[in-house]
Amino acid sequence: RIYQAVNTELSKYLDGVRMRGVMVDKDSNLWISTYTNDLGLVCYSKDRTITNYNRDNGLLDNGVRCTMQTKDGSIYVGTNNGINVIKDGKIVKAYGVDDGIENTVALTIEEGENGEILVGSDGGGMYVISGDKVRKIGRDDGLTSDVILRIKKDEYRDVYWIITSNSIDS
Numbered sequence: 304r305i306y307q308a309v310n311t312e313l314s315k316y317l318d319g320v321r322m323r324g325v326m327v328d329k330d331s332n333l334w335i336s337t338y339t340n341d342l343g344l345v346c347y348s349k350d351r352t353i354t355n356y357n358r359d360n361g362l363l364d365n366g367v368r369c370t371m372q373t374k375d376g377s378i379y380v381g382t383n384n385g386i387n388v389i390k391d392g393k394i395v396k397a398y399g400v401d402d403g404i405e406n407t408v409a410l411t412i413e414e415g416e417n418g419e420i421l422v423g424s425d426g427g428g429m430y431v432i433s434g435d436k437v438r439k440i441g442r443d444d445g446l447t448s449d450v451i452l453r454i455k456k457d458e459y460r461d462v463y464w465i466i467t468s469n470s471i472d473s
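Converting from the sequence shown to our numbering requires adding 303 to each position, the first position being numbered 1.
Here is the structure:
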């Protein structure tokens, strides 16, 4: 099968940009985590509008690695310098070093039980955000590594799989 490239307004806008992830939200908007060209997080709405969230309008860092939408519709954004929260199109919250996140490079985000937010970091373990409180889970708590590549909810088994740099934990 031969595939042919399709040029759209979005593909032209992102030409030459490194990306770390994509997500479609419950309203069918496409969220693109970019890593270069200072674009930050790009939202491509279903009406084909392109919106950027970057340092110029409050994002902690333009190097965006991951996004996740919570049940209440908020978008959690994992950057190289912490986590931002977008609600109704506006950046409304940030979590960083001052909030207890020692390693701010967020590699993965998942919504946990009771609205907690689970954040996997690049060497700082896993952070659990509950409102304004942040707690850390790391090697001292039983993880085999402090590099958390992915956190995924397994609905069938009712567990969270934690993929570290050297193992899979639950």
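For each residue, glycine too, the CB sits at the ideal point set by N, CA and C.
Give the secondary structure of residue i by DSSP, where H, G and I count as helix, E and B as strand, and everything else as coil.
| i | result |
| --- | --- |
| Val388 | strand |
| Glu419 | coil |
| Leu313 | helix |
| Arg442 | helix |
| Asn357 | coil |
| Val450 | strand |
| Val408 | coil |
| Asp402 | helix |
| Gln307 | coil |
| Asp328 | coil |
| Asp375 | coil |
Going by beta-carbon coordinates alone, are residue i and residue j separated by less than 8 angstroms?
| i | j | result |
| --- | --- | --- |
| Leu363 | Gly392 | no |
| Met326 | Thr370 | yes |
| Val437 | Asp402 | yes |
| Leu342 | Asn365 | yes |
| Lys349 | Glu413 | no |
| Ser336 | Arg358 | no |
| Gly423 | Ile454 | yes |
Measuring only the C-alpha atoms, how far is residue i from residue j?
| i | j | result |
| --- | --- | --- |
| Leu344 | Gly399 | 18 angstroms |
| Ala397 | Ser331 | 25 angstroms |
| Thr339 | Thr352 | 20 angstroms |
| Asp443 | Leu313 | 45 angstroms |
| Asp328 | Leu317 | 19 angstroms |
| Gly434 | Gly319 | 37 angstroms |
| Val395 | Val388 | 6 angstroms |
| Tyr306 | Tyr347 | 23 angstroms |
| Leu421 | Ile404 | 12 angstroms |
| Leu452 | Thr467 | 5 angstroms |
| Gly445 | Ile378 | 29 angstroms |
| Lys374 | Asn355 | 23 angstroms |
Ordered along the chain, which non-local residues of its own chain (more than five positions away) have a Cβ less than 7 angstroms from that of residue i?
| i | result |
| --- | --- |
| Asp425 | Asn406, Val408, Leu410 and Val450 |
| Asn469 | Thr447 and Ser448 |
Can you determine whether any heavy atom of the ligand MG sits closer than 7 angstroms to the C-beta of residue i, and answer yes or no?
| i | result |
| --- | --- |
| Ser468 | No copy of the ligand MG appears in this structure; indeed no ligand is present at all. |
Leaving aside the five residues before and after residue i along the sequence, list all residues of the same chain whose C-beta is less than 6 angstroms from its C-beta, in chain order.
| i | result |
| --- | --- |
| Ile440 | Gly428 and Met429 |
| Asn383 | Asp364, Gly366 and Val408 |
| Gly324 | Ser336 and Cys369 |
| Arg321 | Tyr338 and Thr339 |
| Gln372 | Asp328 and Ile378 |
Quick one: residues in its chain with C-beta nearer than 8 angstroms to the C-beta of residue i, no 5 flanking neighbours on either side, listed in chain order?
| i | result |
| --- | --- |
| Ile471 | Trp464 and Ile465 |
From the DSSP secondary-structure annotation, give me the bridge partner or partners of residue i.
| i | result |
| --- | --- |
| Tyr250 | Here the chain comprises residues numbered 304 to 473, so residue 250 is not present and cannot be evaluated. |
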